[in-house]
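UniProt numbering puts the first residue of the sequence shown at 1, with every later residue one more than the last. Note that beta-carbon positions come from the ideal geometry of N, C-alpha and C, so glycine has one too. Please read these numbers as outputs of a predicted model, since none were measured by experiment.
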Amino acid sequence: MIYSNFTKPPFHTPPLSFPSPPPPRNHSATATATTAAATMYSYFPAQLPTFTPSSLFATYASISAMVMLLRSVLNDVIPYPARAYIFSLVCSLFRFRSSKLTLVIEETNGTGIGRNHYYDAAELYLATKVTTPSTDRLKISKSSRDKSPTIRFEPGEQINDCYEGVHLRWRFGCLESGKGRPRGFEDDPDSGGAVSAFKTRFFELSFDKEFRSTVMNSYLPYVEAKYKTVKEEDRDLKLYTLGHRSSYGNVFWDATNLDHPSTFDTLAMDPDRKEVIKDDLNRFIRRREFYRRVGRAWKRGYLLFGPPGTGKSSLIAAMANHLRFDIYDLQLTNLMRDSELRRVLVSIPSRSILVIEDIDCTVEIKDRRNNSHHSSTGGSSPNGSNHYSKNPEPQLSLSGLLNFIDGLWSSCGDERLIVFTTNHKDKLDPALLRPGRMDMHIEMSYLTVQGFRILASNYLDIKGGYHKLFDEIEQLIDTVKVTPAQVAEELMRSEDINDALQGVLKLLKGKEKENKEAVVKVEGVDANLDVNEGTEIEGTSKVTFNNDAKPQPSKSSFCS
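#1: By DSSP, does residue 152 sit in helix, in strand, or in coil?
#2: Measuring CA to CA, which of 296, 449, 482 and 397 is closest to residue 466?
#3: For residue 391, name the three-state secondary structure that DSSP assigns.
#4: Name the two residues that bound the continuous alpha helix (DSSP H) containing residue 355.
#5: Within 10 angstroms of its Cβ, does residue 63 collect 16 or more other Cβ (buried), or is it exposed?
#6: Distance check for residue 500 and residue 236, CA to CA, integer angstroms please.
#7: So residue 447 and residue 473 are in contact, right, with Cβ under 8 Å, and what is the actual spacing, rounded?
#8: Expressed to the nearest angstrom, what Euclidean distance is found between the alpha-carbon atoms of residue 354 and residue 88?
#9: Does DSSP put residue 297 in a helix, in a strand, or in coil?
#10: Could you check if residue 271 is buried or exposed, using at least 16 other CB atoms within 10 Å of its CB as the buried criterion?
#11: Quick check on DSSP: helix, strand or coil for residue 71?
#12: Three or more beta-carbon pairs under 8 Å between the stretch 113-128 and the stretch 215-232, yes or no?
#13: Alpha carbons only, please: which of 351, 334, 344 and 303 is nearest the one belonging to residue 228?
#14: So what does DSSP say about residue 286, is it helix, strand or coil?
#15: Please state the DSSP three-state secondary structure of residue 268.
#16: Using the DSSP secondary-structure output, state which residues sit across from residue 206 in a beta bridge.
#17: Taking only three categories from DSSP, how would you classify residue 416?
#18: Below 8 Å between beta carbons: does that hold for residue 341 and residue 400?
#19: Consult DSSP for residue 161 and reduce its assignment to one of helix, strand or coil.
#20: Going by C-alpha to C-alpha distance, which of 278, 269, 153 and 99 sits closest to residue 485?
#21: Whole angstroms are fine: how far does the CA of residue 261 sit from the CA of residue 302?
#22: Under 8 Å between the Cβ atoms of residue 454 and residue 497?
#23: Looking only at its own chain, which residues have a Cβ that is under 6 Å from the Cβ of residue 356, when we skip the five neighbours before and after it?
#24: Of the residues 299, 148, 79 and 282, which one's Cα is nearest the Cα of residue 416?
#25: Can you grab the Cα-Cα spacing for the pair residue 495 / residue 266, in whole Å?
#26: Could you check what DSSP says for residue 88 in three-state terms: helix, strand or coil?
#27: So, residue 561 versus residue 105, is the Cβ gap smaller than 8 Å?
#28: Please go through the same chain and pick out, in chain order, the residues whose beta-carbon is closer than 7 Å to the beta-carbon of residue 280, but skip the five residues on each side of it.
#29: Near residue 458, which residues of its chain fall below 7 Å by C-beta distance, leaving aside the five closest residues on each side in sequence?
#30: Give the single residue among 438, 304, 425 and 326 whose Cα lies nearest to the Cα of residue 232.
#31: Going along the chain, which residues of its own chain have a beta-carbon closer than 6 Å to the beta-carbon of residue 175, five neighbours each way excluded?
#32: Go ahead and pull the three-state DSSP assignment for residue 235.
#33: Just mark residue 85 as buried or exposed, buried being the case when its beta carbon has 16 or more other beta carbons within 10 Å.
#34: Given this structure, state the Cα-to-Cα distance separating residue 487 from residue 504, to the nearest angstrom.
#35: What residues match up with residue 140 in a beta bridge as DSSP calls it?
#36: DSSP three-state call for residue 446: helix, strand or coil?
See below:
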């Protein structure tokens with residue numbers, strides 16, 4: 001032990017001994033590691049270089065020039081489809097993988113024909129979920145005839161729902177025509193390709209992807225079932241008329257509440273005939289499987305014919321109230337071509353009544369055997385040429401209507417009634433009247449004795465169903481032709497039973513007097529014709545007679 005000259009231990013201390021480290025196994029490995037460490041540290045300078053703005057700009061310019069050159073080379077060498085594919089592939093590698101799946105439910109089908117049933121179901125179902133805290137803004141409306149308010153959603157509103165432990169989020173949106181173009185529509189050729197104002201309403205349903213099968217196979221059918229239940233329990237019957245049509249070809253129906261009080265009990269019709277019609281309707285409703293088994297579309301056609309005022313519209317309302325079906329009133333004069341007719345008819349949902357009134361007034365639907373009829377949009381010149389031959393307009397055709405009634409398009413919808421009304425059955429084409437198209441022909445005749453008793457009971461509430469004036473009134477009803485509407489108007493003129501029945505009696509006697517005067521006048525005309533031996537009498541015309549025994553022109557160019 002060696003000590004310094006300046007220090008000496010105060011006492012004797014034994015020397016410390018430490019075990020010497022073992023000699024390295026490989027002296028060459030140790031030397032190599034030491035050399036590598038020295039080489040690594042030599043790459044890091046003792047002082048970092050300083051960058052000036054000019055040097056940074058020069059570096060940026062060099063890199064930019066290299067990138068531009070490389071981009072030009074790639075654009076010249078690699079074609080655009082290959083570049084787009086590579087770009088999409090790179091983006092897909094770095095794209096964020098969402099765990100949510102979103103279903104978009106638009107108001108109309110993707111083809112633009114008909115409404116989306118899921119949209120209607122979601123709209124009514126979510127109206128029962130508006131109490132959720134996630135809802136901020138709603139539209140509410142109620143007319144004087146509505147039983148309950150109608151609730152609509154503002155764009156962007158969200159509604160949360162939970163089904164079997166699955167959390168779902170609904171969102172309502174609206175896409176304007178200026179911001180996007182709905183799929184499945186094309187510009188209207190009549191508008192020159194112009195795009196009119198149009199809004200596409202839709203719902204978005206978001207949920208975790210792992211619950212996809214639960215939502216598709218269980219939740220959506222549950223929403224449909226709730227929709228049907230709510231619609232049947234608390235809903236008002238609707239009367240739809242054809243509204244505007246967008247440039248995309250979409251069809252919009254304007255709806256109003258159908259609060260018509262007519263029922264089969266209030267119809268001024270023979271009880272036996274009413275029972276036959278009711279039995280036919282009930283049999284149609286319960287024979288879904290029968291129609292499927294025999295290979296026929298589940299629809300039925302009714303033709304109501306008779307003079308005006310005999311209760312054709314009241315019978316249609318009674319059918320709607322009996323079946324709880326909505327009514328779609330279609331005016332064929334609003335359509336120009338068969339394609340529009342097909343689009344309109346396909347948009348009508350199931351469980352509805354399609355009504356086309358006064359079909360005999362639609363010229364193209366008349367009897368095709370009569371070649372002298374004129375077009376509804378323009379007449380023909382005396383030489384047979386059309387005034388609009390230079391620019392002919394496409395018209396509705398009978399074949400287009402028949403194709404929907406019992407052709408291939410008749411299967412687009414179930415549980416539907418098709419009702420035609422006419423004042424002149426003989427003017428219709430026989431092809432429209434055959435079974436399979438108009439399955440049941442219902443004649444709405446003039447007032448009968450049984451019909452009068454029903455009217456008197458409904459309007460006057462006669463106790464016992466008999467009055468002393470009934471015998472005289474019923475005798476006149478058997479001899480003259482009077483419509484239920486005419487008698488009903490007389491019954492409403494007074495609240496006193498005697499005064500009201502006296503008004504009916506006066507009406508019937510006036511009808512009887514008119515018939516007698518018409519017969520005398522016609523007999524005088526026949527006598528003059530016999531005297532002149534068939535020569536034409538100036539100021540007179542050939543006449544024919546209907547059931548009223550009234551003279552009428554033999555050819556009529558208007559619809560009564």
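So, from the listed chains and residues:
#1: In the structure shown, residue 152 sits in a strand (DSSP, three-state: E or B).
#2: That would be 449, whose Cα lies nearest to the Cα of residue 466.
#3: Any reading at residue 391 needs caution, since the residue's pLDDT is 45, under 50, leaving its predicted position unreliable; the model's value is listed next. Assigned with DSSP and collapsed to three states, residue 391 falls in coil, not helix or strand.
#4: Not the alpha helix (DSSP H): residue 355 falls in the beta strand (DSSP E), residues 352-356.
#5: Exposed.
#6: Between residue 236 and residue 500, the C-alpha separation is close to 35 Å.
#7: Rounded, the Cβ-Cβ distance is 10 Å, inconsistent with contact.
#8: Taking the straight line joining both Cα atoms gives about 51 Å.
#9: It is coil, neither helix nor strand.
#10: Per the 10 Å Cβ criterion, exposed.
#11: Reduced to three states, the DSSP call for residue 71 is helix.
#12: Judged by Cβ distances under 8 Å, the stretch 113-128 makes contact with the stretch 215-232, as three or more pairs qualify.
#13: With distances taken between Cα atoms, residue 228 lies closest to 351.
#14: Secondary structure of residue 286 (DSSP, three-state): coil.
#15: Correct three-state label for residue 268: coil.
#16: Per DSSP, the beta bridge partners of residue 206 are 102 and 169.
#17: In the structure shown, the three-state DSSP call for residue 416 is strand.
#18: Yes, they are a contact pair.
#19: Three-state result, residue 161: strand.
#20: Measuring from the Cα of residue 485, the nearest candidate turns out to be 269.
#21: Cα-Cα distance, rounded: 21 Å.
#22: Not in contact: residue 454 and residue 497 (Cβ atoms no closer than 8 Å).
#23: Same-chain partners within the cutoff: 330 and 420.
#24: Closest option to residue 416, Cα to Cα, is 299.
#25: Their backbone Cα atoms lie some 19 Å apart in a straight line.
#26: Of the three classes helix, strand and coil, the one that applies to residue 88 here is helix, per DSSP.
#27: Summary: the structure shown does not reach residue 561, with the chain confined to residues 1 through 560, and so no result is reported for it.
#28: Here the set comprises 440.
#29: Residues of the same chain with a CB within less than 7 Å of the CB of residue 458, apart from the 5 flanking positions on each side, are 266 in chain order.
#30: Comparing Cα-Cα distances from residue 232 to each of 438, 304, 425 and 326, the minimum goes to 326.
#31: Take residue 175, set aside five residues on each side of it, and the residues of its chain with a beta-carbon closer than 6 Å to its own are 200, in chain order.
#32: Secondary structure of residue 235 (DSSP, three-state): coil.
#33: Looking at its Cβ environment, which holds fewer than 16 other Cβ atoms inside 10 Å, residue 85 is exposed.
#34: Counting only the Cα atoms, residue 504 lies some 6 Å from residue 487.
#35: Paired residue(s): 151.
#36: Reduced to three states, the DSSP call for residue 446 is coil.
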